[in-house]
Each structure stands twice: as C-alpha cells, then as structure tokens.
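J.: Residue numbers (our numbering), protein chains in the order written: chain A, 54 to 325; chain B, 144 to 438; chain C, 232 to 648. Handing you a structure now.
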Amino acid sequence: MKVLGRILKYLIIFLLCFIVLLPFLWTLYAASVTNDLDLGSSLLKTDKYGIDNFIYILTKGDVWIWFKNSIFVVTVITALNLLINTMAGYALAQFRFKGRQIFFLYVTGIMMIPAQVLVIPIFLVSSNLGITNSYLGLILPFIYNPFGVFLMRQYFLSFPKEIVEAAEIDGLGVYSSFFHIVLPLAKNALMTQTILIFVWNWNSFMLPSTLVNDPALYTLPLGMYQITNTQYVTSVPKAMAGAALTLIPTIIFYLIFQKKLINSDMGTAVKG
Amino acid sequence: MKKVRKRMAPYVFLLPFLIASVIFTFIPVIYSLSISFLDFTFLNPKNSAFMGIDNYKTVLGDPLFLKSLVNTLKLIIVVVPALLVISILLAVALNAKIKFRSFFRSAFYLPYVVTPVAMGVIAVQLFAKENFIVKALSAIGMDNVSWHTTAPYAFWLVVLVVVWSQMGFYMVLYLNGLQNIPAELYEAAMIDGATVKRRFWHITLPLLKPTTVLVLFMCLLSTLQILDQPYVISTTGNATPGSPGDTTLTMVMYIYNLAFRYRKMGSASAASFIVFLIIFVLSLIQNMTVGRKEE
Amino acid sequence: MDTKIKKILSIMMAFTLLFGLSACGQNNNITNSSSDTDSTVSEIKKSKITIAIEATGDIPAEFQKQIERFNEASETAEASIITYTGAEAYETAIMGQIAGETAPDIILLDGGGQIKEYAQQGVIAPLDEYLGDMTDNFEQSLLEGFKVDGILYGITKDYSTSVLFCQTNMLEDAGVAVPGTIDEFKEAAQILTAGEVAGFGCDPKINYLYPFMATMGADFIGEDGTIDKDKLNNDAHTQALTLFKTLFENNYATSPYLANAGWDGELFGNQKVAMLYGGSWITGVIEDTSTAKAAPLPVENGSYSMLYTAGWAITEQCKDKQAAAELIQFLSSDEELILGYSAGLINLPPTTTAMDKLIEEQSDDSFLPVYREVVKDGVDYGLLDSEFTDAYNKALENMLYNNVSVEDTLAAIVSGQ
C-alpha cells in the first residue's frame, strides 16, 4: 500500500510537471515547424516538422558573436551586481548609521518606478557619458539592482552578529571580515541572487536595443529579433527556435547553481 | 583609526550602488519628473511649455487610466496570495530528498525563463473554445467560449499566466530561505513526535518569515508593474492591447501605450509618477500589516 | 569553501578580462575597416554622411552594398549606415539622439503624422531647395504624406498598399467573378462561404476597412489627416459598419482573432478565406502566385486604397545637406530602386518610371500592375492619429466580437475624437 501511495505521489508531480512544462514544449513544437503557415494545423501532420529553423538560427547572421557578447556582458554585469548589491544590503542590515532609513527608502523607491518612461532619459545619460554603442553601454547601466539589495538585506538581517564580532576580536577589520568571513557564509543568498540577476539580464531587450546599433555588439535577444522579424511580420517558428536556443544557457546556469542550494549548516558556526 | 574606519564603513559599502544608481536611475527619474510638468517632446526639448499639473489632471481624469488601476488592483488581490501559497508549497515539496529533485526544480522554474509569447500562446490554446478544458468546465456551468476573447474570462487567463510564469522565481527564493533552517530543529521536533503538518506550521513557516516578507514585497511590486503577460494575451490575433474591452489593461500597459504608441511623453511621465505613488502607498500598507503575520 | 569561491571569482575575472581585451580589439577593428578605404581617397575631402534605418533580416547587409555602390560613384560624399533592430528601438534611439544633438544626417520616417511632427518641431529640413525637380517622376499621392503645409519634407523611399486578394480556384469553382462593386462584393462573400472557408477575411482595423468606409460615402480622413466630423458621423458610415457587422454575424467573414490565426496573411495562406482585403506584403505567404489574384477595392463611390509609406528626411543638424541630398537622389534612381526591390530593401518603388520598368521586367507578376493602379487613390495611413486609431479599432472589435450595436459603436468612435 505504501508503495502505491508513493507511485501516486510521483505520478501527480509528473503530471503537474507536464502541465507546467507545456509552454516550453510548445516552444519546441513551434520551433520545429518548418513552414510558418503550418503552425496552426494538426499536430499529426508529420511532414511539417524539421530542424530547419534551428539550423537557420545557428548559421544565420552572427549568432556566435551575439552569443559571445551576451556571455561577456551578462557575466560582468552579474559579477558587479553581486559585489555592489551585497555590499549595499550588508550596510543596510548590519550597521546603525545616520541616514540608514533614507538610504533604505531610496533603494525601495527606485523599485517602484515603472521603467518604461526612463528608457529615453537613460539613453540620454548614456549618450552624454559617451558610452552608447559600446560594451560599456551594455554593462554600466545594469550593474546595480535594488531587488538584489533588498534580497541581501533581508538575508543579512538575520545574520548573527556574533560571527563578525568574533572575527573582530581576532583582529580582522570591517572590510576583511566582510570579504573573508561574511561572504563565504552567505553562499546560498549569493547563489540565489546570481540566478536571478543572470536571467534578468540575459533576456534584457528594450534598453540594450536603443543603446547599441552596431550588429557586432548585439546581445542574443537583439540578434534573435533581428533575424526572425521582417518589417511587417514576425516568423513565430523562427522566433521560437531562437527563444529555445537562448533559453539553454539560463537553464544550464540554473541547474548548476540550484544544486548548490543545500543546507549550509550555520548552526555549528555559531555554537563553536 | 579603526573606529573611524568602522564608522565610515557603511557609507563606503553603499557608495558604489549610490553612484551607479544616481547616474542611471535617479537622474533619469528627475528628468522624467520634470518632463511631466511640461508639454514635452524629445524632438525639441527646449521648446516645451510649462503645463503645471495639467498632464496629471489629464491622466487622472482618463477613464482608461482608472480602469487600468482597477484591473491592476484586482490582479494583485488574486495573484499575490496565490503566488505566496503556491511557491511555499513547491519549495517545501522540492526541498525534500525525493528522486528527480533537480528535474522537478528545473521544470517548475522553466516557465519563468520561457518567453511571454510562448506562455501566451499556450494559455490561449488551452483555454480556447472547444478545447477539452473549456468543454470540461462547461459541464459544471461555465460558458463554452475562448477565454482570451471573452470579458470576465480573459482576466482570469491573465491571472493564470502570471502565476504560472512567476512561481518558479518565488520558489527559488523560498528554497533559499529553507536552507537557513537548521536541520536539528526538525530532528528535535520529530523526536518529540510532531506530525508533518505541525512541523510545517510551527517551524517552517515562522522561520520563513524573512523570506515571506521579501516575497510579498517583490511580488506586490512586480505585479503592480506587470506588462508582458497581459500584453501578449490581449494582443493575440492582432487585437488592440487590453482587449477584450480593456479588461486586461494594466497600469503599466496604459503607460506603455502613452509613451510608445501615442508618443505623449509628458502624460506618460505623469502617469508613471502617479503609479509610483500608488505603489508606495500600497507597500506602506503591506509593511504595516505584515507585522501581524505571526504564524 | 572560502577558497572555492575565490577560485570561481578569479576564473570569472580572468574570463571577463580575456573577453574584454578581445572585445576591445574587435571594437577597434570595426571602426578601422571603414577608415581603411579612406587611404585611397583623392585630394577632395568627401563629406561624411550618416544614414539611419530600422532594419531586420538581410536588410543591413544589402543596404551596406547599396551604400558602397554610392560611395564608389560619388565624388563628394561618403556615407555610412546606422541600423537599429525593431521600430521601437529605432524611434526611441533617434529621439534620444535628436534631443542629445547627435542626430544622424538622414533618417527614415513614416509618412503622415510622424513627418509632420518632426517638421513642426524644426527637426528636419525642407527639401525643395535640394531636391526640387527630382520629385517629378514620383507618384504624387505618395508625396502627399510627406508635405506639411504644402512644403516637402521627405522623399518617399517605398510604399505598400492594400488590395483585394482572391483565391483563383475558389472563385472559379463557385462561378463567381472578382467583385468590382460593393454589392457584388456582398454577394460574393456570401456565395463563397462554404464549409470551413469564409467568403471574406480581414483584420478588422481602420487601416484595412477605411477604403470600404470611404467608397461607401464615409471618407472622413481629410487632407492632412484631420478627421471630418460630418463624414465620420453620417448614414454612410452607419451603413458601412452595418455591412461588416452583418458579414461577420453570418459567418461570411472572419478575422485572425476569430479564426485563431496570428495575422490576416495566415488566413489567406491557409485557405481559410476566399477573399482577403489586406496589405501588399501578404504576397509573402502566397507560395504559388498563380493561385491568387489581386484586385482593386470593390467600389461604390470612387476608388480608394491605403498607403503605408516611409521616406528619407534630412535632419537640421546635418552639416552638408547637399551631400545628403545627393545620397537620397542616388537611392531614388530607377536602377537602385529596382535593385533594392529585388534585394528586399524596399517594398514597392515610389516612382512611376521605376514601377513601369519593374512591371516590364517582372512580366509574370500579376500583382504589380494592380498596385500601380490603386496607388493613385491612396490615403496615407500615417496621417491617422494613433490614439484615434486605437479607439476606432477597439470600437470595431467590440462591435464584431462583443455584440455592441452599430449605433453604440459609431457613438464610441465619434466621442473618442
């Protein structure tokens, strides 16, 4: 009986998974439809399938340059975000200082402004700084993220002060205790932040498309749009092939990092 | 010397964020704010007449804006609690040492990285007229119609898609939160004979409170600013955004139309600040009531 | 654990440094290649012109070829292109550049409202003194959208128009001729509806239905895009709206929304409709062009069609407008227009001379002569205000999908003004 219950449990979870995966499965289905017009026709029409669209995406244009750009830009952005956001979150959580409330209000305030109207002003700022149409333009406006700060602050609020105090007794200064003691223990929160920031920036389209016009600087989303759209029509199958391929790095990234989401056993660190 | 260092430390830690955000967010915000008081066009910035709060009055008096406000509020009332509950349950379920755990975690996370277009198409297809879900539901009294074309149903389709695509994100946050609960607590509870339910209510939930605060806040903010999913669903089959009949128009969709379809930058900026104030007030309210969540 | 993180971080740093160096190197290469060609230049200094377009697919590469042909041919000017991906990105970036005073020399603008706005704000230059007599062989209706208060501000680059597409075999089988009048059209839609196929299909938006409204007496789009209220709120308009409501109610007509298609072209390509009134770009989905016929709008009171135009404008910030004009002249020459048509750079050539040559060349293309015929009665879609358009389209949707009456729909349209 217990075995039956177990099998049932797994069956239900698999069913749920299937439902949840439907959009992804549809993406793959659409990507394998060779003729755009066949998209709505019966699933059983076997002669409409093929890997033409995938081949198109992989060989058309400068896909590999765009891929390289995305990897470079998003990696740098993520690394800088980790540093900048975590430091800010740590300060807001673990220190008592004048202006703490104001800073916190500022950080949360930034999150509440709809970004759409800021596109052109950000473009203007970037243009004045002379960073449009360059890697700097693709990176600098994105190196901070108030959600990341909020995430880290939330984590650091329950971070035991005793650890830092113990480190200071051992003679470590504020900065070295942050980098050598606190950060390593915050691994899980850092991993989580990494996953989120990476995905956000990997799929970012609107701002990068205005900041950069040289096709050699395009990131993957820009390039994909370029080769799957014509003036009046989007080729959905090609776009889905592009989307499916663009997905892959984020999934790999997630798989690697979510494995690290294990119990960090901080209890012993405090007791000892 | 060390004392001074220590006192300066928080400011030093905050400095990079401050510099970057002032340059790339704060200054654009001030720019946008000033536009909202002008009859502004980027084509001729210097030639903008001062309009006082006229843009604000126009937006507040626009029935479309009010409709979008109501729609968005309806959305958060449904979506936020739903996401909270679902993501906690998912995280707890996928934290246990079950087989294929990585696969399941990835499966539920996948909708988050899939393009909104794919989500939209699938949702529309699943709930289209004559498809088996709709047929099954009509047996218990619902109409046999395509959800995305019919008034009250289109809204619920949007709810579905928003929850579906966001749950993976919050699941990750909760998984993170769960890792910080020491295993010994569960062990001790099990020795004491506590059931799964009791362990959940008395250990897991309370210790997840910081994560819940985070999730509630982020969910509230991002749902209030939602654009992609309702946009994709309402423009299926090339319909105007917000269809049917503006029931899926959200506040940011309204702003987007103003800014990118009608190029009315002054009004769009004004609308953005009105939305900002709304979000600010709502998050204050949420902040004050969350303190009650003691379980 | 601590060292592992350090390792990962340092690998990431090394990685990014490596890419950074190679990327910077590549950045320099991009700018270097264009200055290499300068080394063989003559003593006369060529004016540098930048031209910005919105481009996807193969267009950037093909356009680059076209520009290179110009650079070789010209003695006084040298052009380079800037391309943006997607219309939104293009418009946003151009606006930002204009505001920041770094605008390109030549930009691509839509005819109608956009050109008008840019002209009124003093962003672009009047073109008569540079291109006066060049416009003689242009289709005059195409230039209308680029005139503001009678002054020419843009040169049409290309256009698309709208026609009635018919599935040849479906009409033959039913013994129906291509409709020439509105009454014939009504009948044909009814007869051709059979089984899964609807007689008529369209995307019910003002830009496809306006010609019908206009020929039935509700020609409310005025000269410069202003809406003629009397013609908007009259019986003719009511009749025209009723026509479509009836067609849809009886299932003689369908739309992408109802038939679960992505766009109207899909309806025609998948043979879900016998006739379709839509944009000339639909020919992209017609695999075998012998199976379809194009015809002008069925008429009642005068012929109409819609025009979708884009044109070149010279920005006021341009330092050598004469050189810019030279480039525009080059791009508008018959040879370049025809080459551009084949390369997918332009939709339909805007000059009568180029169009005639094209029709001669592509003698088996039956659609081109129809376009040539309908272009002179065209109304530039860009003239319509986008808020009015959205309100009109919404009202149409409510009428056709949500059971709103014709009277209420007309009231909504009029009040949305």
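The beta carbon of each residue, even a glycine, is placed where N, CA and C say it ideally should be. In this text the structure is predicted, and so the values were computed from the model without any measurement.
When the Cα atoms are used, what is the spatial distance from L136/A to F360/B?
T.: 23 Å
J.: Tell me I313/C's beta-bridge partners as DSSP assigns them.
T.: A283/C
J.: For D223/A, does the three-state DSSP call read helix, strand or coil?
T.: Correct three-state label for D223/A: coil.
J.: Taking C-beta to C-beta, are L300/B and V267/B nearer than 9 Å?
T.: Yes, the Cβ-Cβ distance between L300/B and V267/B is below 9 Å.
J.: Please report how far the alpha carbon of I178/B lies from the alpha carbon of S377/B, in whole angstroms.
T.: Approximately 30 Å between the Cα atoms of the pair.
J.: Rounding to the nearest angstrom, what Cα-Cα distance links Y602/C and V394/C in this structure?
T.: 8 Å
J.: In chain B, which residues lie less than 7 Å from A144/A when you measure between Cβ atoms?
T.: P153, F156, L157
J.: As a quick exercise: from D336/C, P527/C, S521/C, K476/C, pick the residue whose alpha carbon is nearest that of S594/C.
T.: Measuring C-alpha to C-alpha distances from S594/C to each of D336/C, P527/C, S521/C, K476/C identifies S521/C as the nearest.
J.: Around the Cβ of T391/B, are there at least 16 other Cβ atoms within 10 angstroms (buried) or fewer (exposed)?
T.: T391/B should be labelled buried.
J.: For F419/B, return the contacting residues in chain A, with the cut-off set at a CB-CB distance below 9 Å.
T.: G162, M165, I166, P167
J.: Determine the extent of the beta strand (DSSP E) in which G609/C is found, giving its start and end residues.
T.: 609–611 is the extent of the beta strand (DSSP E) around G609/C.
J.: Roughly how many whole angstroms lie between the Cα atoms of K210/B and L203/B?
T.: If you take the alpha carbons of K210/B and L203/B, they lie about 11 Å apart.
J.: Using alpha carbons as the reference points, say which of F258/A, Q169/A, M140/A lies closest to K407/B.
T.: Q169/A
J.: Terminal residues of the continuous beta strand (DSSP E) containing V394/C?
T.: 386–398
J.: For I248/A, which residues in the same chain have their Cβ closer than 8 Å to its Cβ, ignoring the five residues on either side in sequence?
T.: F306, Y307, F310, Q311
J.: Can you tell me where the alpha helix (DSSP H) holding D621/C begins and where it ends?
T.: 617–632
J.: To the nearest angstrom, report how far apart L351/B and A402/B are at their CA atoms.
T.: 40 Å
J.: Under DSSP, the beta strand (DSSP E) around Y508/C begins and ends at which residues?
T.: For Y508/C, the enclosing beta strand (DSSP E) begins and ends at 504–510.
J.: According to DSSP, is V272/C part of a helix, a strand, or is it coil?
T.: At V272/C the pLDDT is 40, less than 50, meaning the model places this residue with poor confidence; the figure from the coordinates comes in the next sentence. V272/C: coil per DSSP, three-state reduction.
J.: Would you say M259/A lies against chain C (beta-carbon separation less than 9 Å)?
T.: With 9 Å as the cut-off, M259/A counts as an interface residue toward chain C.
J.: Looking at F475/C and L498/C, is the spacing between their C-beta atoms short of 9 Å?
T.: No. Outside cutoff.
J.: Does the distance from the CB of G430/C to the CB of L615/C come in under 9 Å?
T.: Taking 9 Å as the Cβ cut-off, G430/C and L615/C do not qualify as a contacting pair.
J.: Do you know how far the Cα of P357/C is from the Cα of D380/C?
T.: 11 Å
J.: For N122/A, name the three-state secondary structure that DSSP assigns.
T.: helix
J.: Report the CB separation of V606/C from S372/C in whole angstroms; it is logged as a contact under 8 Å.
T.: 6 Å
J.: If the criterion is Cβ atoms closer than 9 Å, does the pair Y285/A and W512/C meet it?
T.: yes
J.: So T258/B contacts chain A; which residues on that side make the cut at Cβ distance below 7 Å?
T.: A296
J.: For a contact meaning CB atoms closer than 7 Å, what does P254/B contact in chain A?
T.: Residues of chain A passing the Cβ test: V73, P76.
J.: My guess is that F167/B and V178/A are in contact by the Cβ rule of under 8 Å, so how many angstroms apart are they, rounded?
T.: The Cβ separation is near 6 Å, so the contact holds.
J.: What separation, rounded to the nearest whole angstrom, lies between the Cα atoms of M310/B and V73/A?
T.: 10 Å
J.: At which residues does the beta strand (DSSP E) containing Y539/C begin and terminate?
T.: 536–545
J.: Which full runs of the alpha helix (DSSP H) of 4+ residues lie inside the stretch 169–254 of chain A, going along the chain?
T.: 172–182, 188–192, 199–210, 214–222, 227–230
J.: Step through the CB atoms of chain B and report whether any lies within less than 9 Å of the CB of T303/A.
T.: yes
J.: Touch check for the stretch 329–349 of chain B and the stretch 126–140 of chain A: three-plus C-beta pairs under 8 Å?
T.: no
J.: If I'm right that I590/C touches Y623/C with Cβ under 8 Å, what's the distance once you round it to whole angstroms?
T.: Actually they are not in contact, since the Cβ atoms of I590/C and Y623/C sit about 35 Å apart, beyond 8 Å.
J.: Excluding the 5 residues preceding and the 5 following K588/C in the sequence, name in chain order all residues of the same chain whose CB lies nearer than 8 Å to its CB.
T.: D565, I569
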